[in-house]
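Heads up: the sequence shown begins at 124 in the numbering used here, then just goes up one per residue. Each remark here refers to the structure printed beneath this line.
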Amino acid sequence: MAREQPRRLTADGRDITLEYDRVGREVGRRFGESLSVSRSFDAMNRLISQAVDHPRGRIQSRTYEYRADGSLTKVQDQLDGVRQYELDLAGRTTRVSGEGWEESYSYDPLGNQVAAGWPAGPFGDDGCGERAYQGADLVRAGRIRYEHDAAGRVVLRQKTRLSRKPDTWRYSWDAEDRLTQVVTPDGTVWRYQYDALGRRTGKQCIAENGVDVLEQVDFTWDGVSLCEQTTRWGETSDSVTLTWHLHGPEAVAQSERRTTAAASQEEIDARFFAIVSDLSGSPCELIDESGEIAWRSRATNWGKLSWPVGSNAYTPLRFPGQYFDSETGLNYNYLRYYDPEVAQYMSQDPLGLAPAANPVGYVDRPSVSCDPLGLAPQKSPIPPKPYETTNLSDLAKQFNPEGGNMNCTYVGEAFERYMRGEGIKSVPGDMGGAQQLDRLESVFGARFRDTSFWDMVDHVRNSGHGARGIVAGESPIPNQPGHVFNVVNHQGRVLFVDVQTGFVDPMMYKGFKLMRVN
């Protein structure tokens, strides 16, 4: 698998060299000839250490410890010390402690916070304290008050201040649940533009006359990944461009270019930074080409950030897929906006209750999971997937010579019989009804068992060459049938096979059952 991964990336003329282990996990990343980032994993595919090195010495390192269900319990950070995590039975963080550091959280059955606390110094304590709800809507968090419209979207966020009037943000939304305008506490108006795919393409700071643009930020995308922003001010041609160089969904480097009209749009200043991310995929450090840390952040469990005032660089990237808007304190998350102060989105999930019971909640375990599209939780982008899919459309034609519809359970059975050396056998047409998992259990004398996706991948990979199984994937869409396909360990590679359609993306399914057949 590793040979199919990119070995080298080029970012602004600089080479980034990538190294993988035998199952395709990235274990090394080198920026030019001097800076390197190394990572190691345990047998459960969990990141357990990362280190950043330069010829002058080690710049940063972290180690991670977990409990049996994969929940993070401890981080040892070279610069910030030890951070311990206490968890409830669902794996949600209830307490984070370290030297000079204390966070606490409690939750209701849907995962909503009912109380929260964190260090006031670096973050401010406006959101600390108890939370209050009216139905499903959050109406108060500490000294912050919220109002919602009939669609459940936040239209007002107000922070109580001692001896002066409250700070109030007002939010306007369009019919597609996209945030279109924000009025900040000082009366400044920001407007937001989107393309037909829902990607934010620009934001504008509007002058008091309601027409002139004081600041314009334009965004460029690579698919669903933000890859560049350019900021301009007023009528000048001065601009600052930040470019993010991607490896899959993860930004591995940031370039900064400044131009000015006086220099006839020639580049007058350019800087390049390696991005070092934590377990969740969130940037923690920007390191320049001399090996100096130009920017370093500390974050609460749910993503509220602070950084040293002496930093000489900056990145707006936050949790995977999130971009920080300083004018609102919110993180833009492709299809929604996330409020890290209360660990909630500002609008309902476009998929309704299909991804989770709480339509405004973020992921349950932000240290090891993420939601890069603002739609549904998924495993964090570290490490790259240790599995593959394969296209067997020619084999499908042999199973189905007449080209009609085929029931996926019969196809799964036929492929397993083929793997057992029983030859090609045509399968019945679409029988309709349920997936008939009980019939497959009877045919092969085995049982389907509930599993998580990553536990299934680890089990098949660790079972060695030739291990096979039949998988039942649960549809993420309510009242829609699931799907049956096959999984095989071929020379240490985990292959998902769907002979019915010729291709399967296993990550699209909400839940899994696995039946080992050998």
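Built from N, CA and C at the ideal position, the CB exists for glycine as well.
Whole-number beta carbon distance between residue j and residue i, since they are thought to touch under 8 Å
i, j, result
"P482", "D472", "4 Å"
"T423", "F246", "6 Å"
"P604", "M631", "No, P604 and M631 are not in contact; Cβ-Cβ is about 14 Å, not under 8 Å."
"V237", "R254", "5 Å"
"L369", "D401", "Between D401 and L369 the Cβ distance is about 17 Å, and since that is not below 8 Å, they are no contact."
"G155", "R131", "At roughly 12 Å, the Cβ-Cβ gap does not stay under 8 Å, so G155 and R131 are not in contact."
"E338", "T354", "7 Å"
"R419", "P431", "7 Å"
Residue i - partner residues in DSSP beta bridges
i, result
"W296", "L302"
"K633", "According to DSSP, which records beta bridges pairwise, K633 is partnered with nothing at all."
"N454", "F447, Y461"
"A376", "H368, A397"
"S362", "R355, T382"
"M638", "I593"
"A239", "Y228, G252"
"F571", "DSSP lists no partner for F571."
"I267", "A264, K282"
"I139", "L132, F154"
"Y468", "Y461"
"Q501", "C493"
"N602", "For N602, which the question treats as bridged, DSSP gives no partner whatsoever."
"G484", "Q467"
"D290", "K282"
Residue interval of the beta strand (DSSP E) (run including residue i)
i, result
"S163", "158-164"
"C350", "348-356"
"Q207", "204-210"
"Q281", "277-282"
"F154", "149-154"
"F342", "336-345"
"E545", "It is not in any beta strand (DSSP E) - E545 carries neither H nor E in the DSSP assignment."
"F619", "616-620"
"D176", "170-177"
"Q183", "180-189"
"R218", "216-221"
"V198", "195-200"
For residue i, the first and last residue of its enclosing alpha helix (DSSP H)
i, result
"W577", "576-585"
"L563", "560-567"
"G535", "531-542"
"G244", "243-246"
Beta-carbon proximity of residue i to residue j, cut-off 9 Å
i, j, result
"G497", "G444", "yes"
"V622", "A537", "yes"
"Q559", "N530", "yes"
"R488", "T216", "yes"
"I416", "I182", "yes"
"G151", "S161", "yes"
"V607", "V534", "yes"
"G244", "Y228", "no"
"R323", "D300", "no"
"G258", "A480", "no"
Contact with chain D by residue i, beta-carbon distance below 9 Å
i, result
"E142", "Among the chains in the structure shown there is no chain D, since it carries only a single protein chain."
Segments assigned beta strand (DSSP E), at least 3 residues, entirely inside the stretch 378-441: 390-400, 406-411, 416-419
Tell me the start and end of each unbroken beta strand (DSSP E) in the stretch 300-332 that is at least 3 residues and wholly inside, in chain order. 302-306, 312-317, 323-329
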